[in-house]
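Structure record follows, encoded as structure tokens.
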Amino acid sequence: MDQDGNELAGIRLPDLAVPLATVTGWNLRHPDTGGDDQTHRIMGATVPFTFTRQERQERRDPRPSVEERYASKEDYLDRVEEVAKELVSRRYLLEEDIPRLTQMAAERYELLEATIADPQPADD
């Protein structure tokens, strides 16, 4: 695993190479369902990074925030496109897929950015 808790093995698609979250191939079970010491191995989890440094510090999240990782949305998307082009050159991705992949990355960024304006309370 890398410093964000993302897997290192395999082909690192832009979601992992230019992350906005920690993505796992497993998920913790809720105590109400029983087996709270077990994991769901088929149902993965996505744990988004905080968007701002202040939010990261308030939540005591050790992972750098989005604003600490990327200078802007454009910087983030440039990095996504750079990784995608590298994958095309290695024949892991089709060039025609880059615009859609970049659009999907932009949508994820905007969704995460919107959480600043509409913060959700933590489930305790």
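Be aware that the sequence shown starts at 466, since it is given in the numbering used here, and climbs by one per residue. Just so it is clear, CB atoms sit at the ideal spot from N, CA and C, and this is done for glycine as well.
DSSP three-state call for residue i: helix, strand or coil?
i, result
"V545", "helix"
"T511", "strand"
"T567", "helix"
"D493", "Here residue 493 is Leu; the residue named in the question, Asp, does not match the sequence. Three-state DSSP puts L493 in a strand."
"T517", "coil"
"A486", "strand"
"P479", "helix"
"L444", "Here the chain comprises residues numbered 466 to 589, so residue 444 is not present and cannot be evaluated."
Within the same chain, show all residues whose beta-carbon is closer than 7 Å to that of residue i, passing over the 5 residues directly before and after it, in chain order.
i, result
"S530", "F514, T515, F516, T517, R518, E520, R521"
"E560", "V553"
"M466", "E472, L473"
Do you know how far the Cα of residue j is from the Cα of residue i?
i, j, result
"T567", "P496", "38 Å"
"R524", "R555", "39 Å"
"E547", "G499", "44 Å"
"R565", "D526", "31 Å"
"N471", "T487", "6 Å"
"L493", "I476", "25 Å"
"A536", "D562", "25 Å"
"Y541", "L558", "19 Å"
"A474", "E532", "26 Å"
"D543", "L576", "18 Å"
For residue i, which residues of its own chain have a beta-carbon under 6 Å away from its beta-carbon, when the five flanking residues on both sides are left out?
i, result
"D589", "For D589, the pLDDT reaches just 49, beneath the cut-off of 50, and the residue's location in the model is therefore unreliable, leaving the point undetermined."
"T489", "G509, A510"
Tell me which residues share the same chain as residue i and place their Cβ nearer than 8 Å to its Cβ, disregarding the 5 neighbours each side in the sequence.
i, result
"T580", "P513, F516"
"E578", "F516, V531, K538"
"A571", "K538, L542"
Checklist entry - Hey, is the region 546 to 562 in contact with the region 478 to 490, meaning 3+ C-beta pairs nearer than 8 Å? => result Verdict: yes, contact present.
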